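Notes follow the structure.
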Amino acid sequence: MQQVASGAENVPSHLLRLSVHRIAALILVTILAVLPMESVTAGTKATRDSVPNIILIMADDLGYGDLGCYGQKDIQTPNIDRLARDGIRFTQAYAGSTVCAPSRSSLMTGMHNGHNRVRDNIPHYEDYLQEEDVTVADVLKSAGYRCGGIGKWSLGTAGSTGRATEQGFDMFFGYLDQDHAHYYFPEYMDDNDGRFEMRGNSQTKEHYSHDLMTDRALRFIRDSKDRPFFFYGAYTVPHFSHPSECPTKFAVPTDEPYSDRDWDQASKNYAAMITRLDADVGRIVALIAELGLTENTLLIFTSDNGAFGGAPKRFKSGGPLRGHKRDLYEGGTRVPFIARWPGKIPAGKVSDEIIAFWDMLPTLAEVAGADVPGSIDGRSATDALLGGKRAFPHEYLYWDYGHCRPRFAQAVRLGDWKGVRKGRENAIELYNLKDDLAETTDMATARPDVVGKIKAIMAAAYVESERYPLGQIYRGQSKWVKENAHH
Ligand SMILES: [Ca+2]
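Numbering (our numbering), first residue to last: 919 to 1405.
See below:
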């Protein structure tokens, strides 16, 4: 039987240094808390020209290999590919998790999954984020940004403290509950603290949720053009839909421009969803240009986790990577990541720098000249975003998944090494990503020294959460599903 490492004696020295930093950060936060507010907030509020607008568009379950600029041959994504040509494309960007809710929590709060408020899609809660949690939107709002979002929020249902409008957003339109987001022709959408009703839409299929979300995105950007704004476009494409909507489980109003392809219907729909998302990105980019904001807008495009295991195989949505969503192999966590900021980010740059979702809060805060909450796992990657090397790269990256499922898996990236342990009772698999990107050859026997370090990191990086008790198998349903069983 394998011992699970615990206690400081097994912790590498750099982790001990990190905990000293954490203590220092906590002391700093405590000191700041007793000072008058004026002395700690940024001296001058942001103005339209002093800081850029920030647009963060995130697809849902879009794989590392689903975009033309990442090697996709069959699905057309001309607008996103153009962003990559005009900006930077990262080859080693990582999502916060291998599934939706914790990945979004990591993105929003700057924590990796060992400390994340939200660790998994289950158990179902209503108030995922808590009042004391500080989101990207909170941070940017405090610096004078107007913050708006559309799409799938996942971090707090209607009326809860975790809902978007309680977490820094001045506007949010879409799905607060992620089970609701399985419906592309919904009966209603969350509209700030109310609802935009579309009774009968599940039958008439008059309104495709993405079209409405993009309309709202354009309105928000237009309304915000005279001040710095943060727009978060959490699109749900190409996530599968509820089978009641569409037999292929990829609901889309039309399978154009793939209707005449010699493909199965699921493939046509999947590709059409992604191309439709690309067109939505194109509409946003065009509006930015029309408003004269191109030069002063940082635009990021990414995905919340790897491709769905049930995505049509013909597209090789994971590209060269092993595994998919719900795995901790690279195909589960490595995602497309593109950023454009003309004049600041070099055009056509391809970067191998390692960045992760938990770096986004401090990165965007630095870009906006905003204050960062004290104790987070993320580090600003602004230097990498601007095309350079990271001055302070992470010692390691950490993910876990399956706290209340039959198997709790953990993964660590340490330099070129990747350790994956699928169940705490099992041995750690070890891969060298530099030589073996597809994670085919387990090097654990050859490199027990590296396995030992990764084992210690797995023990130290994970902190228990009473909301995600390991090994207590959860079989409940979300409140939204219970209340909307008629769908
Ligand atoms: Ca997802």
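All C-beta atoms in this analysis are idealised placements derived from N, C-alpha and C, irrespective of residue type, glycine included. In this text, all values refer to a predicted model and were calculated from it rather than measured experimentally.
Nearest to residue i by alpha carbon, out of the options?
{"i": "Val1330", "options": "Ala1189, Tyr1314, Arg1323", "result": "Tyr1314"}
{"i": "Lys1186", "options": "Glu1174, Arg1194, Leu1195, Ala1197", "result": "Glu1174"}
{"i": "Pro1260", "options": "Leu1001, Ala1286, Leu985", "result": "Leu1001"}
{"i": "Ala1013", "options": "Ser1023, Ile1006, Arg1007", "result": "Ser1023"}
{"i": "Ser1162", "options": "Arg1194, Gln1121, Ser1142, Phe1149", "result": "Gln1121"}
{"i": "Ala1327", "options": "Val1036, Arg1081, Asn1344, Phe1087", "result": "Asn1344"}
{"i": "Asp1051", "options": "Tyr1043, Asp1144, Met1029", "result": "Met1029"}
{"i": "Gly1224", "options": "Glu1105, Leu1246, Ile1218, Thr1212", "result": "Leu1246"}
{"i": "Ile1273", "options": "Pro1156, Ser1298, Gly1250", "result": "Ser1298"}
{"i": "Ala1197", "options": "Ile993, Asn971, Ile972", "result": "Ile993"}
{"i": "Gly1292", "options": "Gly1228, Leu1136, Thr1027", "result": "Thr1027"}
{"i": "Thr1009", "options": "Cys1018, Val1017, Arg1003, Tyr988", "result": "Tyr988"}
{"i": "Tyr1380", "options": "Thr1079, Pro1324, Val1036", "result": "Val1036"}
{"i": "Pro1213", "options": "Trp1181, Pro1146, Trp1071", "result": "Going by the sequence as given, residue 1213 is Glu instead of Pro. Nearest of Trp1181, Pro1146, Trp1071 to Glu1213, Cα basis: Pro1146."}
{"i": "Asp1289", "options": "Asp1056, Thr1193, Gly981, Asp1045", "result": "Asp1056"}
{"i": "Arg1137", "options": "Met1089, Gln1183, Ala1184", "result": "Met1089"}
Which residue comes first and which comes last in the alpha helix (DSSP H) that contains residue i?
{"i": "Trp1398", "result": "1397 to 1401"}
{"i": "Lys1059", "result": "1054 to 1060"}
{"i": "Gln1328", "result": "Taken as a continuous stretch (DSSP letters only), Gln1328 belongs to no alpha helix (DSSP H), being part of the beta strand (DSSP E) at 1327 to 1332."}
{"i": "Ala1189", "result": "1183 to 1208"}
{"i": "Asp999", "result": "996 to 1004"}
{"i": "Lys1307", "result": "Note, Lys1307: premise wrong, no alpha helix (DSSP H); not H, not E."}
{"i": "Arg1339", "result": "No alpha helix (DSSP H) contains Arg1339, which is instead part of the beta strand (DSSP E) from 1335 to 1340."}
{"i": "Phe1138", "result": "1127 to 1141"}
{"i": "Asp1367", "result": "1366 to 1379"}
{"i": "His1022", "result": "Residue identity check: residue 1022 is Arg in the sequence provided, not His. Where Arg1022 is concerned, the enclosing alpha helix (DSSP H) stretches over 1018 to 1027."}
{"i": "Asn1119", "result": "1119 to 1122"}
{"i": "Thr1281", "result": "1278 to 1286"}
I'd like the span of the beta strand (DSSP E) that includes residue i, first residue to last.
{"i": "Met976", "result": "971 to 977"}
{"i": "Tyr1349", "result": "1347 to 1350"}
{"i": "Ile1263", "result": "Premise fails: Ile1263 is in no beta strand (DSSP E) and is neither H nor E."}
{"i": "Thr1251", "result": "No beta strand (DSSP E) contains Thr1251, which is instead part of the alpha helix (DSSP H) from 1248 to 1251."}
{"i": "Gly1151", "result": "1147 to 1152"}
{"i": "Ile1068", "result": "1064 to 1070"}
{"i": "Met1089", "result": "1089 to 1093"}
{"i": "Glu1115", "result": "1112 to 1115"}
{"i": "Asp1108", "result": "1106 to 1109"}
{"i": "Ser1221", "result": "1215 to 1221"}
{"i": "Leu1315", "result": "1315 to 1319"}
I'd like the list of long-range same chain contacts for residue i, defined as Cβ closer than 7 Å, with 5 residues on each side in sequence excluded.
{"i": "Ala1076", "result": "Leu1094, Asp1108"}
{"i": "Lys1307", "result": "Glu1271, Asp1301"}
{"i": "Val1399", "result": "Asp1097"}
{"i": "Ser1015", "result": "Ser1021, Ser1024, Asn1031, Asn1223, Trp1317, Tyr1319"}
{"i": "Glu1357", "result": "Arg1240, Tyr1247, Glu1248, Lys1336, Tyr1349"}
{"i": "Asn1119", "result": "Phe1103, Pro1104, Glu1105, His1125"}
{"i": "Ala1309", "result": "Asp1301"}
{"i": "Arg1134", "result": "Ile1068, Phe1091"}
Excluding sequence positions up to five away, which residues of its chain have a Cβ less than 6 Å from the Cβ of residue i?
{"i": "Ala1286", "result": "Val969, Leu1058, Ala1061"}
{"i": "Leu985", "result": "Thr995, Ile998, Pro1254"}
{"i": "Asn1034", "result": "Pro1020, Ser1023, Ser1024"}
{"i": "Arg1113", "result": "Tyr1106"}
{"i": "Gly1249", "result": "Gly1224, Gly1236, Leu1239, Arg1240, Gly1241, His1242"}
{"i": "Met1278", "result": "Leu1025"}
{"i": "Phe1148", "result": "Ile972, Leu1058, Tyr1063, Cys1065"}
{"i": "Thr948", "result": "Model confidence at Thr948 stands at a pLDDT of 47, short of 50, so the residue's coordinates are unreliable and nothing is read from them."}
{"i": "Thr962", "result": "Low local confidence applies: a pLDDT of 47 at Thr962 is under 50, so the model's placement there is unreliable, with the coordinate-based value given in what follows. Excluding positions up to five away in sequence, the list is empty."}
{"i": "Gln1390", "result": "Cys1322"}
{"i": "Tyr1153", "result": "Ala977, Gly1069, Leu1195"}
{"i": "Leu1388", "result": "His1321, Phe1326"}
{"i": "Gly1341", "result": "Arg1325"}
Spatial neighbours of residue i within its chain, please: C-beta separation below 8 Å, excluding the five flanking residues on both sides.
{"i": "Pro1041", "result": "Cys1322, Arg1385, Tyr1386, Tyr1392, Gly1394"}
{"i": "Gly1305", "result": "Ile1006, Ile1263, Pro1264, Lys1267, Ser1269"}
{"i": "Ser1177", "result": "Lys1186"}
{"i": "Leu1209", "result": "Ile1139, Arg1140, Lys1143"}
Flag residue i as yes when its Cβ comes closer than 7 Å to any non-hydrogen atom of ligand 2, and as no otherwise.
{"i": "Ala1011", "result": "In terms of ligand content, the structure shown lacks ligand 2 and carries ligand 1 instead."}
In chain order, what residues have a CB nearer than 7 Å to some heavy atom of ligand 1?
With the cut-off at 7 Å, the residues found are Asp978, Asp979, Val1017, Cys1018, Ser1021, His1157, Asp1222, Asn1223, Lys1243.
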